[in-house]
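Undergrad: Take 55 as the starting number for the sequence shown in the working numbering and just add one per residue.
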Amino acid sequence: MAGHFYSVEGGEMKRRIVCTVAAALLLSGCLLESVGPVNRNEKHFSADWVKEGMTREGRQAAWVECGGAASGRYGYEIQNGQSHKEFFEGLNAHVTQINACMKKLGYTHLDKCDARCL
Numbered sequence: 055m056a057g058h059f060y061s062v063e064g065g066e067m068k069r070r071i072v073c074t075v076a077a078a079l080l081l082s083g084c085l086l087e088s089v090g091p092v093n094r095n096e097k098h099f100s101a102d103w104v105k106e107g108m109t110r111e112g113r114q115a116a117w118v119e120c121g122g123a124a125s126g127r128y129g130y131e132i133q134n135g136q137s138h139k140e141f142f143e144g145l146n147a148h149v150t151q152i153n154a155c156m157k158k159l160g161y162t163h164l165d166k167c168d169a170r171c172l
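Here it is in structure tokens:
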């Protein structure tokens, strides 16, 4: 009789744990979305650069010429065996080089994109 009592109690405990975990997983998506909406329409880093009379195509060509990726991203990837510190040092140097090049080509960086970003 005592064994039967413990097995029923154990089943109830398992059910509670499973329900709690399931509820936590379901709510986690809602909580993550409430922290900040996911930006599914993310603009490229190259879009922050403007100059008088530019076109998207011209800006993109300048971005690639300066070392950026054709996708509009920085195009810097972690290498095998590279530490986090080495990666971020390399990324910072790469971004600095692209920024200097874009400025040299007459582009201005906007901190907040406006209508000129195209």
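Virtual Cβ for every residue (Gly too), placed ideally from N, Cα, C.
Drop a sphere of 10 angstroms on the beta-carbon of Phe59, count the other beta-carbons inside from all chains shown, and report buried for 16 or more, exposed for fewer.
TA: With a pLDDT of 49 at Phe59, under the threshold of 50, the predicted position of this residue should be treated as unreliable, though the coordinate-derived value follows. When all chains shown are included, Phe59 counts as exposed.
Undergrad: Give the DSSP bridge partners of Trp117, in chain order.
TA: Note: Trp117 sits in no beta bridge, so no partner.
Undergrad: Does the contact criterion of 3 or more C-beta pairs under 8 angstroms hold for the region 111–121 versus the region 131–138?
TA: Segments in contact, no.
Undergrad: For Leu164, count neighbouring C-beta atoms within 10 Å of its own C-beta (all shown protein chains included) and say buried if the count is 16 or more, exposed if not.
TA: Exposed.
Undergrad: Quick one: using the 10 Å Cβ neighbour count with 16 as the cut-off for buried, is Ile71 buried or exposed?
TA: Flag for Ile71 reads exposed.
Undergrad: Figure out for me which residue from Trp103, Met67, Lys97 and Thr74 has the closest Cα to the Cα of Gly160.
TA: Comparing Cα-Cα distances from Gly160 to each of Trp103, Met67, Lys97 and Thr74, the minimum goes to Trp103.
Undergrad: Leaving aside the five residues before and after Ala124 along the sequence, list all residues of the same chain whose C-beta is less than 6 angstroms from its C-beta, in chain order.
TA: The answer, listed in chain order, is Val118.
Undergrad: Quick one: what does DSSP say Thr74 is sitting in, helix, strand or coil?
TA: Helix.
Undergrad: If we ignore side chains and look at the alpha-carbon of each, how far apart do Lys157 and Lys97 end up?
TA: Spanning the two alpha carbons is a distance of roughly 20 angstroms.
Undergrad: Alpha carbon to alpha carbon, what distance is there between Cys167 and Arg69?
TA: When rounded, the distance between both Cα atoms is 52 angstroms.
Undergrad: Report the rounded CA-to-CA distance for Val149 versus Ile132, giving the unit in angstroms.
TA: Taking the straight line joining both Cα atoms gives about 14 angstroms.
Undergrad: Considering only the beta carbon of each residue, do Ala101 and Cys155 sit closer than 9 angstroms?
TA: No, the Cβ-Cβ distance between Ala101 and Cys155 is not below 9 angstroms.
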